[in-house]
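These notes concern the structure reproduced below.
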Amino acid sequence: MKHSEHHVNAVRKTIDDLIQTATNYDVETLDRLYHEDLQVTMVDTSGNVNTANKENFKALFKSKRDAGEPPMNTWAKYHKVTVNDKSAQVLLSRKNNLNGQDMDLFLSIDLIHEASRWQISREVIFLHPELSVNGASNEEI
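This is the structure in structure tokens:
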């Protein structure tokens, strides 16, 4: 395995771990995966922009856990993983319910390698109605 393939696989594993822990509301593990300076920007279907830091975003998952909500969808499609020496970017699509209704999400996730592990430092999330992304049905995505 090439050195770069090893780093790409490590970043993908971090994102896979993020998906598993977030969809099951494992706030304690999220605390380890998210960098202290995490910044999350979410753009909804009306173009409204909401931002959150680490504590705010963890609180979203904690409230879902405390409300007894069932686990979220773990579906993900990776579009691109770029890894440099100590930073990485992942572009992926997800299907989820973050704001009260099922949505297709397009995410850009930045990671940094610090404290001997990959940590999520920024997420930019674009929400789209579940049944279409640019007119394509989910089967076409």
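If you count by the working numbering, then the sequence shown holds residues 209 to 349, one letter each, in order.
Just so it is clear, CB atoms sit at the ideal spot from N, CA and C, and this is done for glycine as well.
Note that this is a predicted model, so its numbers are computed, not measured.
Exposure label - residue i; buried when at least 16 CB within 10 Å
i           : result
residue 257 : exposed
residue 286 : exposed
residue 296 : buried
Which of helix, strand or coil DSSP assigns to residue i
i           : result
residue 270 : helix
residue 312 : strand
residue 331 : strand
residue 263 : helix
residue 253 : coil
residue 284 : strand
residue 275 : coil
residue 293 : coil
residue 190 : The chain is shown from 209 up to 349; residue 190 falls before or after that span and cannot be answered.
Proximity winner among the options, relative to residue i (alpha-carbon distances)
i           : options            : result
residue 338 : 310, 316, 328      : 310
residue 284 : 216, 315, 232      : 315
residue 247 : 262, 305, 223      : 262
residue 260 : 245, 289, 336      : 245
residue 333 : 313, 232, 264      : 313
residue 335 : 265, 322, 296, 302 : 302
residue 226 : 324, 323, 317      : 317
Cα-Cα separation, residue i to residue j
i           : j           : result
residue 278 : residue 269 : 12 Å
residue 230 : residue 213 : 25 Å
residue 267 : residue 240 : 15 Å
residue 253 : residue 217 : 32 Å
residue 294 : residue 273 : 33 Å
residue 330 : residue 221 : 17 Å
residue 234 : residue 288 : 26 Å
First through last residue of the alpha helix (DSSP H) which encompasses residue i
i           : result
residue 237 : 235-241
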